[in-house]
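This note's numbering puts the first residue of the sequence shown at 1, with every later residue one more than the last.
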Amino acid sequence: MTHPESAPRSLLYVPGSNARALEKASGLAADMLIIDLEDAVPADRKDEARAAMRAAVMAGFSGKRVAVRINATGTAEQAADIDALADLALDAVVLPKVDAPIDLGPVRGLGLPVLAMIETPTAIYAARDIGADPAVAGLIAGLNDLAHELKLPDGMDRTAMSHAIQAIVLAARAAGVWAFDGVYNAIDNVAGFAGEAAEGRRLGFDGKSLIHPSQVDPCNAAFAPSAREIAAAEALVAAATGGAQRHEGRMIEDMHVAAARALLARRCRLPSRSR
């Protein structure tokens, strides 16, 4: 099982073909950097992106967790992506468009934890099997592609995908792996992003994938325990005597104590919010 308290809150995509973005990435507060060789890179710059990715990873990112998103299984670019990763020290590989466990086959030889992107109706129905695969450490909601597959009108909110979103969280929890929310496209809508990040945490996601550095700090804040949550968890743990009991006007039992301890364990690794 992947330990939830060690889950990255913020997973920032960095285009592999953008040398300036790669150079600046180590100074950002993202918990995980995902160097992107897929959607962010034009077809005629894939080789350039692979070379830049290798140079950046070998130079290091100041101790940050680093993953690489490669091209999907069945695409012409994937084999070259995998070859480029073979001798690199990475924390994970991000595999897009995973519709079934068989799609994980080409990356198994890397020996890296896989963050599998759930991006199609087929993947939604296979999400539990994908999450249960021993190679998989987490599921990432790929909601842009999913909205396209569902033929949703542009500009729709996430309501039409609520079943799919919850299916991803349920599959991850059933498999004991991480669950990460999808990206928020309106990079200038600060309030909108904050609202969606807060919603993602309420839905049970461990963190969120990001497309712009300005989203990192509000994402980290949304997925860190607040001071109020920490105080409540500390009080609950201190009051617990084992079994069911009354605490501050409600009944608690061992599972509530375990949840409080998990929140406090996450607090030890992450900066908390101010309120």
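Where is the CB? At the ideal position from N, CA and C, for every residue including glycine.
Going by the DSSP bridge assignment, what does Phe-205 pair with across the sheet? Here residue 205 refers to the residue found at position 205 of the sequence shown. In the DSSP output, where bridge partners are listed per residue, Phe-205 has none listed.
Quick one: what's got a C-beta closer than 6 angstroms to Ala-40's C-beta in the same chain, skipping five residues either side? In the sequence shown, counting from the first residue as 1, residue 40 sits at position 40. Excluding sequence neighbours, Ala-40 sits near Pro-15.
Using the Cα positions of Ala-232 and Gly-204, report the straight-line distance between them to the nearest angstrom. Within the sequence shown, residue 232 is the residue found at index 232, counting from 1. Within the sequence shown, residue 204 is the residue found at index 204, counting from 1. The straight-line gap from Cα to Cα measures roughly 19 angstroms.
Whole-angstrom distance between Ala-86 and Leu-210, CA atom to CA atom: Taking the first residue of the sequence shown as position 1, residue 210 is located at position 210. Taking the first residue of the sequence shown as position 1, residue 86 is located at position 86. Going by the C-alpha atoms only, they are around 26 angstroms apart.
Taking the alpha carbon of Ala-175 as the point to measure from, which residue in Ser-6, Ala-258, Gly-192 and Gly-131 has its own alpha carbon closest? One-based indexing of the sequence shown puts residue 175 at position 175. Checking every option, the nearest Cα to that of Ala-175 belongs to Gly-131.
Counted within 10 angstroms of its Cβ, other Cβ atoms place Asn-185 as buried (16 or more) or exposed: Working through the sequence shown from its first residue, we reach residue 185 at position 185. Classification of Asn-185: exposed, given that the 10 Å Cβ count is below 16.
Mind checking Asn-189: buried by the 16 CB within 10 Å criterion, or exposed? Translated into the one-based positions of the sequence shown, residue 189 becomes position 189. Flag for Asn-189 reads exposed.
If you follow the alpha helix (DSSP H) that Val-237 is part of, which residue opens it and which one closes it? The residue labelled residue 237 in the question sits at position 237 within the sequence shown. From DSSP, the alpha helix (DSSP H) with Val-237 extends over 227–239.
Could you pull the DSSP bridge partners for Gly-138 from this structure? The residue labelled residue 138 in the question sits at position 138 within the sequence shown. Paired residue(s): Leu-115 and Trp-178.
Give the straight-line distance between the Cα atoms of Val-237 and Met-117, rounded to the nearest whole angstrom. Counted from its first residue, the sequence shown places residue 237 at position 237. Counted from its first residue, the sequence shown places residue 117 at position 117. In a straight line, the C-alpha of Val-237 is about 36 angstroms away from that of Met-117.
Kindly identify the DSSP beta-bridge partner or partners of Leu-11. As a first step, residue 11 must be located in the sequence shown, where it is residue number 11. According to DSSP, Leu-11 bridges with Met-32 and Ser-209.
Name the DSSP bridge partner or partners of His-247? As a position in the sequence shown, residue 247 is number 247, starting the count at 1. Its beta-bridge partners are Arg-250.
Would a C-beta distance cut-off of 8 angstroms place Ala-72 and Pro-101 closer than the cut-off? As a position in the sequence shown, residue 72 is number 72, starting the count at 1. As a position in the sequence shown, residue 101 is number 101, starting the count at 1. No. Outside cutoff.
Cβ-based neighbour list, Ser-272, same chain, cut-off 7 angstroms, excluding 5 preceding and 5 following: For this step, residue 272 is matched to residue 272 along the sequence shown. Unreliable placement is indicated for Ser-272, whose pLDDT of 35 sits below 50; no coordinate value is reported for it.
Suppose the cutoff is 6 angstroms on Cβ atoms and the five residues either side in sequence are ignored; what does the same chain contact list for Arg-50 look like? As a working mapping, residue 50 is identified with position 50 in the sequence shown. Cβ within range, chain order: Ala-84.
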